[in-house]
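First comes the structure, then the notes that go with it.
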Amino acid sequence: MHLFRAALTAIVIAHTALQAQQPVIPDAVRGAADRITAEQLARDLSFLAADGLLGRNTPSPGFDTAADYIARRLEKAGLTPFGDGGTFFQRFEMHESRVDTAATHLEVDGKAFAFGTDVVIRSLAGPISGSLPLVYVGHGWSIPDKAIDPYAGVDVKGKIVVAHGPRAMPKGIEVKQIGRVTPGASNVVTEAAKRGALGVILVPQTSALAT
């Protein structure tokens, strides 16, 4: 009997300890959560996903409109802003580069290829010119989790990377898997830049040209 009581007491104490470990949600937080409704979420999503915002590109008028809307919602919720000048916004600089199409071309064995018509070139280090070595890397994807590394034993620093694209993927890998089941995956442009390449030339697949 004493053994049973001791065991029962231990169970009660353990249960009490577990209850004590449960996080306490402040009333203000609980109240705010309770005020969230499916109708309000639908209104927010409908506004932010509206065609009138034109995709909310960065930067764009649609992006600014969406940001203003979110700021008003945060203010209405009673949150304290910690952005620039006591606002909900934080400004930062963006740099945009444009290709001088008239002065850009590719020449291979004496044959010139016009930019935009015959070839599209992606520079990774600003303006480039001169005779540069080419390095072929297949699909160009680096996926360490799948032991996929077309750059193994290949030095691309200071060179132009040539890869299949823009839809080429490693065998057995689909685009929708990237970032979800293939952590650390890096596409050809990102990986080539990381390894010091000066540019990337993508050779389209026949299927891509057909569409």
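Numbering (our numbering), first residue to last: -8 to 202.
Backbone N, C-alpha and C fix where the C-beta goes; we use that ideal spot for every residue, glycine too.
Check	Outcome
Residue(s) in a DSSP beta bridge with ALA103	GLU98
Sheet register partners of VAL180 (DSSP bridge)	According to DSSP, which records beta bridges pairwise, VAL180 is partnered with nothing at all.
VAL128, DSSP secondary structure in three states	coil
For ILE139, the nearest candidate out of LEU125, ILE16, GLU182 (CA to CA)	GLU182
Whole-angstrom C-beta distance between GLY156 and VAL179, which should lie under 8 Å	7 Å
Distance between ALA57 and LEU39 (C-alpha atoms, nearest Å)	6 Å
Backbone CA spacing between LEU(-1) and VAL15 [nearest angstrom]	Residue confidence is low: LEU(-1) scores 45 on pLDDT, short of 50, so the model does not pin down where it sits. Its coordinate-derived value is still stated next. Approximately 27 Å, taken between the alpha carbons.
Outcome for GLY131 when other beta-carbon atoms lying within 10 angstroms are tallied against a minimum of 16	buried
Spatial distance of ASP91 from MET85 (CA atoms)	20 Å
Test item: CB-CB of ILE119 and LEU65 under 7 Å	no
Where PRO17 falls: helix, strand or coil (DSSP)	coil
DSSP beta-bridge partners of ILE27	ILE27 pairs with nothing; no bridge assigned.
Helix, strand or coil at SER37 [DSSP, three-state]	helix
Among GLY101, PRO161, GLY121, the one whose alpha carbon lies nearest that of VAL128	PRO161
Separation of VAL152 from GLY101, as counted between CA atoms	20 Å
Enclosing beta strand (DSSP E) for PRO52 [first to last residue]	Taken as a continuous stretch (DSSP letters only), PRO52 belongs to no beta strand (DSSP E), being part of the alpha helix (DSSP H) at 52 to 67.
Proximity of PHE104 and VAL111 at Cβ, strictly below 7 Å	no
Secondary structure of ALA250, DSSP reduced to three states	As shown, the chain starts at -8 and ends at 202. That puts residue 250 outside it, with no answer to give.
Member of ALA184, ALA68, GLY121, ALA159 whose CA lies at the smallest distance from the CA of GLY22	ALA68
Which of helix, strand or coil DSSP assigns to VAL111	coil
Minimum C-alpha distance to VAL126 - residue among ALA154, ARG89, GLY117	ALA154
Straight-line gap, LYS185 to PHE79 (C-alpha atoms, nearest Å)	34 Å
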